[in-house]
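> If you read the sequence shown in the working numbering, its first letter stands for residue 150, the second for the next number, and so on. C-beta: ideal position from N, C-alpha, C; glycine also. Note that the structure is predicted; figures quoted are calculated from it, not measured. I am attaching a structure below and will ask some questions about it afterwards.
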Amino acid sequence: MALVRCLLVLFVFWSFSTAQAAKDRKTITVGAYGFAPYYDLEKGRGIVSDVLDQLNSIQSDYQFKVLEIPSRRRYQSFVDHKVDMIFFEDPRWSWKEIPHYTIPTGIKDAEVYIATRKKAKDQTYFKSLADKRLAGILGYHYGFAQFNSNEDYLHSKFNIHLVSHNQASVRLVLHDRADVGVVPLSYIRKYMRENLEKFDRIIISDKVDQDYDLRIIVSPDAPIPRAQMEKLMSKLVKETSYKNLF
């Protein structure tokens, strides 16, 4: 009985200490929008979530948590201090005039075109987009549009259907509501692995719309010092668990 009481006391003490430690952590709010596989709105998580779990596990001073934001409102969310940072973002995407600093993630990606093999007999199909119905994402910056993400501009220059996430773009192509979809290479590769029955229906362009240099965009007012955040990421990117995510 004495042993049971001792164990109970230890458990209560441990629970209190754990709860207190969690309470003492400073919260870091990370904005995430539909940018699969980095963040999948339909699943409510993605690589960003996994990275934050890893960051939370390797230190006890900060609690990193996701806040979903619209892709086209991410800049304003950042300026309004609704989020402290955004992971896997290319600094070329309209960040120039916004105070921030960046931290490397060691991840590079690209945006490519997709079509059905029924329409695209070979790679020459992707040489010109002028006469094609396009599928893209609201708030995204595309090379074919000189990285102008303005919705009115895109509709005035292209026959484009703007949706909220990459899976919707793929569906538009497969259902013949768009001729060409523009998607991250990492996403379409993952999609093809998980949907083998679609493998023979889709052709991926060799032509690249743009290359990504994906970094973390951090507010100078974030509650974590720059040196500390850089130290955490420098440690994390060397971990096998981090590398395995990609």
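Return helix, strand or coil for Leu-394, following the three-state DSSP convention.
Sequence index remark: in the sequence shown, residue 394 carries index 245 (1-based). Note: Leu-394 maps to coil in three-state DSSP.
> Given this structure, state the Cα-to-Cα distance separating Ala-181 from Val-200, to the nearest angstrom.
On the sequence shown, position 32 is the one that residue 181 refers to. On the sequence shown, position 51 is the one that residue 200 refers to. Taking the straight line from one Cα to the other gives about 12 Å.
> When the distance is taken between beta carbons, is Thr-251 closer than 9 Å to Ile-351?
Working through the sequence shown from its first residue, we reach residue 351 at position 202. Working through the sequence shown from its first residue, we reach residue 251 at position 102. Taking 9 Å as the Cβ cut-off, Ile-351 and Thr-251 do not qualify as a contacting pair.
> Between which two residues does the beta strand (DSSP E) carrying Ser-354 extend?
Position 205 of the sequence shown, counting from 1, holds the residue named residue 354. Unbroken beta strand (DSSP E) run through Ser-354: 351 to 367.
> Looking only at its chain, what residues have a beta carbon closer than 6 Å to the beta carbon of Gly-292, apart from the 5 residues adjacent to it on each side?
Here residue 292 is taken as the residue at index 143 of the sequence shown, counted from 1. Closer than 6 Å at the Cβ level, and outside the excluded window around Gly-292, lie Asp-358, Gln-359.
> How long is the line joining the alpha carbons of Ala-171 and Pro-372, rounded to whole angstroms?
For the purposes of this step, residue 171 is identified with residue 22 of the sequence shown, where counting begins at 1. For the purposes of this step, residue 372 is identified with residue 223 of the sequence shown, where counting begins at 1. At Ala-171, the pLDDT of 47 sits below 50, so the modelled position is not reliable and the matter cannot be decided from this model.
> Quick check on Tyr-302: buried or exposed, where buried means 16 or more other Cβ atoms within 10 Å of its Cβ?
Taking the first residue of the sequence shown as position 1, residue 302 is located at position 153. Tyr-302 should be labelled exposed.
> What first and last residue would you give for the alpha helix (DSSP H) that runs through Phe-227?
As a first step, residue 227 must be located in the sequence shown, where it is residue number 78. Per DSSP, Phe-227 belongs to the alpha helix (DSSP H) from 223 to 228.
> In angstroms with no decimal places, state the Cα-to-Cα distance between Ser-198 and Val-215.
For the purposes of this step, residue 198 is taken as residue 49 along the sequence shown, with counting starting at 1. For the purposes of this step, residue 215 is taken as residue 66 along the sequence shown, with counting starting at 1. The alpha-carbon atoms of Ser-198 and Val-215 are separated by roughly 7 Å.
> What is the DSSP secondary structure of Asp-258, counted as helix, strand or coil?
What you label residue 258 is simply residue 109 of the sequence shown in a count that begins at 1. Asp-258: strand per DSSP, three-state reduction.
> Inspect the CB distances between the region 259 to 268 and the region 372 to 385 and report whether three or more fall short of 8 Å.
No: the two stretches stay apart, fewer than three of their Cβ pairs being nearer than 8 Å.
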